[in-house]
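If you want the numbering used here, it's the 1-based position in the sequence shown plus 3.
Here a beta-carbon is modelled for each residue, glycine too, at the ideal position from N, C-alpha and C.
This report refers to the structure that appears directly beneath it.
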Amino acid sequence: MTEVVVAGVGMIPFAKPGASDPYDVMGEAAARAALTDSGLDYSKIQQAYVGYVYGDSTSGQAALYGLGLSGVPIVNVNNNCSTGSSALWLARQAVASGTAECVIALGFEQMQRGALTAVFDDRPDAMGRLNAAMGSLQQRTDAPAAAQMFGGAGAEYAQRYGVDPALFAKISVKARRHAANNPYAVFRDLVTEDEVLNSPHIYGPLTRLQCCPPTCGAAAAVVCSAEFAARHSVSKPVRIRAQAMTTDVAGTFDDGTSMMTLVGFEMARRAANEVYEASGVDPQDLRVVELHDCFSTNEVLSYESLGLVEEGGAEKFVLAGDNTYGGRVVTNPSGGLLSKGHPLGATGLAQCTELVWQLRGEAGARQVEGDLPLALQHNLGLGGACVVTLYERAAR
């Protein structure tokens, strides 16, 4: 199979709803930035995969037509919060299969204020099975559905392992500390653990400062074969060493399921294990990870589903500071979804961008020190899909 590399990445600063450019302007800017970073012209792009959740069909064309009317295939992608990585997954497949040599993956979102809600009320709810299973496990409230999902999973985790729920607040504190060095992040002001815990209660252990905000933004990656990169003098390619996408399996929604399973713990574990098996990499050798911290509780769960620690070992990991600079593996150096923001279609490609910068040594004040040959990305969408991607630094 063809070796696939990321030739260039780009993103724009994320913004609160109402404070951004329109989606097509944001998308074009991110795509231009990725092309500039790669040193390639848009005329070299043979296919495009464009991810967004809240937008009309062919919004991808509206964003990319500003770069040129080249006639290439443009595929619009929607896979909930894993949309950006789903676009990247499709781009990698196109190159790996030999169908195309150079492809762009673009993700953007122009979001509205407030919690996520369904757009259509005249047809079956795509989250129907998930919501029904949740209702059999815990009491419903008027809190946003996603907060009930991840709050319930956090409560289950805390009870299962005897963890003080205040542990989750430490994740938000870390996220802000990392984001303070990220000019692309929405929330860069530091917060204390008390401030997190005393912010308005949402559901279970979650308070407002433990929930990612609706965000507008865009990010992109140019993906090509290693041979194409060499032929066109791409100067800073980063290899996609392995990648996997998983969805729910039989049993996820059965009686007796758990809230942790419903929010993707098992999906993530299967995707991560596929990546480790394909690459031969031990998760204990990773030193930087961008993972899907849509809620503080999910970061804690993801430490374990990704194999960074053994099950039940997240508390010790957090309290020892092994999840931040100076520790064993820096998680979400960007500030993560909690602080950088979560424009659904852009998130996976923003994670990719951060990790490419890290592997190149271009992350500025966020740079993880020392030898950094590998980086892992985890992007999760309820309903459901999980994409895990392993990147490898090019030989120097």
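In DSSP terms, what residue i is bridged to
| i | result |
| --- | --- |
| ILE15 | According to DSSP, which records beta bridges pairwise, ILE15 is partnered with nothing at all. |
| ILE107 | ALA51 and VAL225 |
| THR334 | VAL292 |
| PHE298 | CYS214 |
| HIS345 | PRO217 |
| MET396 | Note on identity: in this sequence residue 396 is Arg, with Met being the wrong assignment. DSSP lists VAL241 as partners of ARG396. |
| VAL7 | SER228 |
| VAL194 | DSSP lists no partner for VAL194. |
| VAL303 | Answer by DSSP bridge pairing: none, since VAL303 is not bridged. |
| VAL312 | Its beta-bridge partners do not exist; DSSP assigns none. |
| VAL390 | MET248 and ASN382 |
For residue j and residue i, the rounded distance between their alpha carbons
| i | j | result |
| --- | --- | --- |
| LEU393 | SER228 | 16 Å |
| LEU193 | ARG180 | 6 Å |
| VAL284 | MET29 | 36 Å |
| GLU313 | ARG331 | 14 Å |
| CYS105 | ILE48 | 5 Å |
| VAL56 | ALA349 | 10 Å |
| ALA146 | THR120 | 12 Å |
| PRO186 | GLU196 | 23 Å |
| TYR328 | SER299 | 18 Å |
| VAL391 | GLY69 | 31 Å |
| MET4 | GLY310 | 27 Å |
| VAL78 | ALA158 | 39 Å |
Local Cβ density within 10 Å of residue i, reported as buried at 16 or more and exposed below that
| i | result |
| --- | --- |
| HIS381 | buried |
| PRO216 | buried |
| GLY117 | exposed |
| ASP124 | exposed |
| ASP44 | exposed |
| ASP251 | buried |
| ARG242 | buried |
| SER238 | exposed |
| GLN287 | exposed |
| ASP319 | It is worth fixing the name first, because residue 319 is Lys in this sequence and not Asp. The residue in question, LYS319, is exposed, as its Cβ has fewer than 16 Cβ neighbours within 10 Å. |
| VAL122 | exposed |
| ASN201 | exposed |
| THR39 | exposed |
| PRO336 | buried |
| SER41 | buried |
| THR102 | exposed |
| GLN213 | buried |
| ALA169 | exposed |
| ASP27 | buried |
| VAL373 | A small correction: the amino acid at residue 373 is Gly; Val does not occupy that position in the sequence shown. That one is exposed. |
| LEU322 | exposed |
| LEU72 | exposed |
| SER60 | exposed |
| GLY315 | exposed |
Closer than 6 Å: residue i CB and nearest the ligand MG heavy atom
| i | result |
| --- | --- |
| VAL291 | The model depicted lacks the ligand MG and carries no ligand whatsoever. |
Item to check | Start-end ranges of the beta strand (DSSP E) lying completely within the region 201-280, minimum 3 residues | outcome: As summarised for the region 201-280, the continuous beta strand (DSSP E) elements at least 3 residues long and confined to that stretch are 204-206, 220-228 and 241-249, given in chain order.
Practice prompt. With a floor of 3 residues, list each beta strand (DSSP E) that falls wholly inside the region 353-388, ordered by position along the chain.
Written response: 377-384
Next item on the list: Would you check if the region 289-300 and the region 355-368 touch, i.e. whether three or more CB-CB distances between them fall below 8 Å?
Entry: yes
- Tell me the start and end of each unbroken beta strand (DSSP E) in the region 50-103 that is at least 3 residues and wholly inside, in chain order. 50-54 and 77-80
Check: Using 8 Å as the Cβ pair cut-off and three pairs as the minimum, do the region 99-112 and the region 72-90 touch?
Finding: Yes, the region 99-112 touches the region 72-90.
**Asked** Considering only residues of the region 104-176, which uninterrupted alpha helix (DSSP H) runs meet the minimum length of 4 residues and lie entirely inside it, listed in chain order?
**Response** 131-140 and 148-164
Q. Any contact of the region 341-351 with the region 359-372, i.e. 3+ C-beta pairs under 8 Å?
A. Taking 8 Å as the limit for Cβ pairs, the verdict is that the region 359-372 does not touch the region 341-351.
At least 3 beta-carbon pairs within less than 8 Å: the region 147-166 vs the region 196-206:
yes
* Curious, which full-length alpha helix (DSSP H) runs of at least 4 residues does the region 19-50 contain? -> 26-41, all fully within the region 19-50.
- Query: Is the region 135-146 touching the region 254-270, taking contact as three or more C-beta pairs under 8 Å?
  - Reply: yes
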